[in-house]
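Engineer:
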Amino acid sequence: MTSSITTQGNLSGLKREDFQKTINEKETDLFILKNKLGMEVAVTNYGCAILSIMVPDKNGQYANVILGHDTIDHVINSPEPFLNTTIGRYGNRIAKGHFTLYGEEHQLAVNNGPNSLHGGPTGFHTRVWDALQPDDSTVKFRYISADGEEGFPGNLKVKMSYRLAEDDNALTIEYRATTDKATVVNLTNHGFFNLAGIANPTPTVLDQLVTINADFYVPIDEVSIPTGEILKVEGTPMDFRTPHAIGERINDNFRQLVNGAGYDHCYVLNKTEAGELSLAATCTDPGSGRTMEVYTTENGVQLYTGNWLNGFAGAHGATFPARSAVCFEAQCFPDTPNKSHFPSAVLLPGDEYQQVTIYKFGVTE
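The numbering used here puts the sequence shown at residues -12 to 352.
Next up, the structure:
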């Protein structure tokens, strides 16, 4: 592992020594990415967690717009273990932690009621990745997930990178993976965003405006497993085809919002062709004027509104109450291994899993 770029004097106020620790004979570290416009992103190779994203508001004032921690111990012991981490081997839920692939049954760890969530309790978010920072704006990660890890078949070799664009405030996340045995793969980043900036307490995101480029969504049952249907958003509180404040309808007596305790649903993105990199969602904070556009090659994006955040402490004394963040997790649909009519998440030997997701920040005109 190499950290070739200085981390001192960064906008986030994070200290490299607070992120250096030996875990299972691997070293954790802090990596700072910068571009020519002044944007700055801090990450660690423990779970590839994003620690801060520093971007300006309409008055040029910088703030951290992602809920993060300021030491490696806080990352490891976070009350929200998936906070801004790389999620794998399978993001979102698999019903009862069980699926059958080519006649072979696989049982995963169950860590969310009766279901497996985000790759299990010791998924990719708990692993120390090999890391290399070749320049100011890029960090590259590698991880080999062993056959049988958390119950998943096949040795999976994963490459992942964070890269800042030089000419706009865009963070690109790129994933690649290969396997030596048929397996299922669904990687994502679980970024918890608040465009107002984190604080004590961090304000809710209920007044932030969201659009999602989706005519359909994936409804869920009482334990957040897809029913198998694909339903229209039209005429429901799930419709974000035009801008709506997150809090405008979140407490409506609508079965899906009751089941998710708010928004916690996968949207079926409108695509002209599979795998195209296209606009998935936008988010705007009226107060600061900050904006975020989400682009992805994935078929779905999970909208989650931080319904289960409980006020725990984060970086520099910030606290994170319920609904103080919004997540846009680019991914396959939940429980795809048990829903044969959903787009497949199967990866075969000789093929390569590929994904690109971009979070692009700006300000209102």
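In this text, a Cβ means the ideal position worked out from N, Cα and C, and glycines have one as well.
Would you report the Cα separation of residue 46 and residue 208, rounded to the nearest angstrom?
Structural biologist: C-alpha separation (whole angstroms): 44 Å.
Engineer: Leaving aside the five residues before and after residue 97 along the sequence, list all residues of the same chain whose C-beta is less than 8 Å from its C-beta, in chain order.
Structural biologist: Contacts found: 83, 84, 103.
Engineer: Out of 5, 152, 352, state which residue places its alpha-carbon closest to the alpha-carbon of residue 33.
Structural biologist: Nearest option by C-alpha distance: 5.
Engineer: For residue 31, which option in 192, 328, 48, 1 has the closest C-alpha, if you only look at C-alpha atoms?
Structural biologist: That would be 1, whose Cα lies nearest to the Cα of residue 31.
Engineer: Could you tell me which whole beta strand (DSSP E) segments of length 3 or greater appear in the region 91 to 119?
Structural biologist: If we require 3 residues or more, the beta strand (DSSP E) runs fully inside the region 91 to 119 come out as 91 to 94.
Engineer: Does the structure place the region 313 to 323 close enough to the region 116 to 136 that three or more beta carbon pairs sit under 8 Å?
Structural biologist: The answer is no - the region 313 to 323 does not touch the region 116 to 136, with fewer than three Cβ pairs under 8 Å.
Engineer: Buried or exposed: which applies to residue 160, given that a residue is buried once 16 or more other Cβ atoms fall within 10 Å of its Cβ?
Structural biologist: Buried is the call here.
Engineer: Put residue 318 into one of helix, strand or coil per three-state DSSP.
Structural biologist: Reduced to three states, the DSSP call for residue 318 is strand.
Engineer: Going by DSSP in three states, residue 251 sits in which element: helix, strand or coil?
Structural biologist: In this structure, residue 251 counts as strand in the three-state DSSP scheme.
Engineer: For my contact list, residue 232 and residue 196 are in at a C-beta cut-off of 8 Å; report their separation, rounded to the angstrom.
Structural biologist: About 6 Å; that satisfies the 8 Å criterion.
Engineer: Along the chain, where does the beta strand (DSSP E) containing residue 212 start, and where does it finish?
Structural biologist: Where residue 212 is concerned, there is no enclosing beta strand (DSSP E), given that its DSSP letter is neither H nor E.
Engineer: If we ignore side chains and look at the alpha-carbon of each, how far apart do residue 69 and residue 35 end up?
Structural biologist: If you take the alpha carbons of residue 69 and residue 35, they lie about 10 Å apart.
Engineer: Would you mind reading off the limits of the beta strand (DSSP E) that contains residue 233?
Structural biologist: Note, residue 233: premise wrong, no beta strand (DSSP E); not H, not E.
Engineer: Closest by CA to residue 177, which one among 61, 258, 119, 111?
Structural biologist: The shortest C-alpha separation from residue 177 is found at 111.
Engineer: Does DSSP classify residue 129 as helix, strand or coil?
Structural biologist: Three-state DSSP puts residue 129 in a strand.
Engineer: So, does the region 136 to 146 touch the region 47 to 59, judging by three or more C-beta pairs under 8 Å?
Structural biologist: They do not touch, by the three-pair rule.
Engineer: Using the Cβ count rule (16 or more neighbours within 10 Å means buried), how would you classify residue 259?
Structural biologist: Exposed, by the Cβ-count rule.
Engineer: Contact between the region 64 to 81 and the region 166 to 184: three or more CB pairs below 8 Å?
Structural biologist: Yes, they touch.
Engineer: Residue -10 by DSSP, collapsed to three states: which one?
Structural biologist: In this prediction, residue -10 scores a pLDDT of 39, lower than 50, which makes its location untrustworthy; the coordinate-derived value is nonetheless stated afterwards. Correct three-state label for residue -10: coil.
Engineer: DSSP puts residue 163 in a beta bridge; with which residues?
Structural biologist: In DSSP, residue 163 forms a bridge with 146, 341.
Engineer: So, at 8 Å on beta carbons, what are the nonlocal neighbours of residue 247 in its own chain, with the 5 sequence-adjacent residues on each side left out?
Structural biologist: So the qualifying residues of the chain are 207, 211, 294.
Engineer: Taking the alpha carbon of residue 52 as the point to measure from, which residue in 192, 239, 216 has its own alpha carbon closest?
Structural biologist: Ranking 192, 239, 216 by Cα distance to residue 52 puts 192 first.
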